Every structure is written in C-alpha cells, then in structure tokens.
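Numbering (full-length UniProt numbering), first residue to last: 1 to 320. Built from N, CA and C at the ideal position, the CB exists for glycine as well. As the structure is a prediction and not an experimental result, all values here were calculated from the model.
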C-alpha cells in the first residue's frame, strides 16, 4: 500500500521539489497530498492536473492542519520566516507538529538551518531550531534536512545582479568576496527528502547537512562569466573590517544580515558544519553551480530581461 506523504508549502520551491521527486518513485511507493492555502491558484491547479491530491489548509489553524494530515504516513514540514515573521512561523511549526501527532504520522522530514547556541544568531535561524525542539519533543520519528543558500537566491530579489551594457552583470552583496558559502539548487532538495521517507528507519533521528557547492561571491560572478560567456563583476567587495562594521544596531536589519553572513563565514568547507560527502552520497546527481547555470531557465530569463531593460532605457535617453 502506498505511503501517503503530506507536503506543506507544496506550491513553493522546497515543497515543489519534494513533490517532483516523489513523483519519480515507482508507482505504488508513495501517494502525495499537496497542502496549500489556495487550491485555486495556478500552481495548485498545475499539481491537480498531474493527479495530485490538493488540500486546502491554513497552517495558522490547528484544526485545518490536523484535518489535512488525516491518513498521512509522512509529513514534509517547511515554514516561512521571511514571508510570515517569527511569531507566525512559530505558530505554523507548532501546528504542523501537533497536527502530525494527532494524525498519528509516522515520520516527519523537517526543513531547517543551524540556529542553536554557538551557531547562527539571526532570529530566522534561531526560530528554526526552536521548532526542531518541538519536533523532537513530539516523539514522532524525524529527519532534519539542513538547507544551504540557494543558487537561485543570487538571481532573485535583493541578491540578483544588475546590468551595465559596458561592464556586464554585477552583484552588490554586503559580504566579503572570497569567503566560501554553502550552496545548492533548491530544485534538488527532494533528492534528500525522499530518501529519508523511503529509508525512514535508517534516517530516524538523523540530520542531513546539505552542501553541494562552496561558492564565494567572486565565484558566483566568475563562473557565470565562464559558463554563459557574459562579462560579470562584483560591484561591492567588503573587507573583513568593513563587514564587521556593517553589523548595525542591536535588533536592526543590518545586524540580522550580519549574523547570517557571520555564521556562513564560520561554516566553510573545513568547519565540519556541513558535509559534502554525506550530501553527495545520498543524491550524487545534485547539480554544481556551473551545471545549474548551464541549464537554468531562470538565469536565461533574467539575462534577457536585464538586457531588454537596458536597451529600452538607452532608447528613451536618445529621444530628443
């Protein structure tokens, strides 16, 4: 009989990857239930079109979440600090755990990062560690999957590059240019989550510390240039002294970013924080940054958009 996996964040990047990898398994291995706030969204309808059961649940509601987990053997849990903030992330985590307990779920695979004493002090990381404690206290068999920086992050939101027709693509990230950053493509995350469900006894009580590539900001630009053939550079390069000075006031956004990057700087390839050996032993097909760049439609789209914007701006400036 198929094991039913309830996937929270089903229309997001992590949940979407988990569903994609579950679909690759042999027929009869897993059944999938996609948990979403909006089953009428285009992303939800696309899942339903693949034959996936789509169930509405607002994670702020314990009642709705418990009902959504009924009959599930496993749950993939992910919470969104950056979308909801600390208080709501804690509520969502609490409700997922309590709902899983009430539904007699047999295994939770939880998306997390290092936020314990001596690790990262940023509240978004600490929040994840606090939810880990709730998972452990529940008594439900668990596996924690530790998420690194996404390659995709350097092509979206405030980390995305700008473009200059003469100098090429440029990144302005407030960090030191040559410090290795643990990274992967979020599209691959299912490659570690699904094995934890398949081999639940082996992975019960274990931590999967993902890192596929260690990339400095200079690597981000240089490898892009080498793979894609476009000019690229760093528009901002912070010295160690400048980075330390960027911390800002207690409780500020600047301090939040500083704490995140400060931990990343301590978590390099020789630190033992993440394990590339473990990562690739579980999912050896994971893409390096170079491989991801070559295949990424996101990168192609971003290049085209920035060049089109530059051309349009240039045309406007030439008008009399």
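Just how far apart, CA to CA, sit residue 109 and residue 21?
C-alpha separation (whole angstroms): 14 Å.
Using the three-state DSSP reduction, which class does residue 1 fall into: helix, strand or coil?
Coil at residue 1, not helix or strand.
Would DSSP call residue 280 helix, strand or coil?
Here residue 280 sits in helix by DSSP.
Starting from residue 220, follow the alpha helix (DSSP H) in both directions and report where the run begins and ends.
Boundaries of the alpha helix (DSSP H) harbouring residue 220: 217-228, taken from the DSSP string.
Helix, strand or coil at residue 74 [DSSP, three-state]:
For residue 74, the secondary structure class from DSSP, reduced to helix, strand or coil, is strand.
Per DSSP, cross-strand counterpart(s) of residue 171:
For residue 171, which the question treats as bridged, DSSP gives the partners 234.
For residue 82, does the count of other Cβ atoms within 10 angstroms reach 16, so buried, or fall short, so exposed?
Flag for residue 82 reads exposed.
To the nearest angstrom, how far is the alpha carbon of residue 239 from that of residue 172?
Near 14 Å, if we compare the C-alpha coordinates of residue 172 and residue 239.
7 Å Cβ shell around residue 207 - same chain, five flanking residues per side excluded
Contacts found: 144 and 146.
Can you give the Cα-Cα distance for residue 73 and residue 258, rounded to whole angstroms?
The C-alpha of residue 258 is placed about 40 Å away from the C-alpha of residue 73.
Residues sharing a beta bridge with residue 208, DSSP:
Partner(s): 145.
Among 195, 278 and 123, nearest to residue 254 - alpha-carbon criterion:
Comparing Cα positions, the closest option is 123.
State the beta-bridge partners of residue 213 as determined by DSSP.
Answer is 183.
Among 287, 104 and 113, which residue has its Cα nearest to the Cα of residue 71?
Closest by C-alpha distance to residue 71, out of 287, 104 and 113, is 104.
Alpha-carbon to alpha-carbon, residue 194 and residue 360
Outside the modelled stretch of the chain, which goes from 1 to 320, sits residue 360, for which no answer is possible.
Identify the continuous alpha helix (DSSP H) that holds residue 253 and give its terminal residues.
Residue 253 -> alpha helix (DSSP H) spans 253-266.
Are the beta-carbon atoms of residue 117 and residue 125 separated by less than 8 Å?
Taking 8 Å as the cut-off, the Cβ atoms of residue 117 and residue 125 do not count as close.
Counting along the chain, where does the alpha helix (DSSP H) carrying residue 245 start and finish?
Residues 240-245.
Beta-carbon proximity of residue 66 to residue 131, cut-off 8 Å
No. Outside cutoff.
Can at least three beta-carbon pairs, one atom from the region 216-225 and one from the region 49-68, be found at a separation below 8 Å?
No, the region 216-225 does not touch the region 49-68.
Return helix, strand or coil for residue 162, following the three-state DSSP convention.
DSSP places residue 162 in strand when its eight states are reduced to three.
Rounded to a whole number of angstroms, what is the C-alpha to C-alpha distance between residue 276 and residue 198?
Rounded to the nearest whole angstrom, the C-alpha separation of residue 276 and residue 198 is 21 Å.
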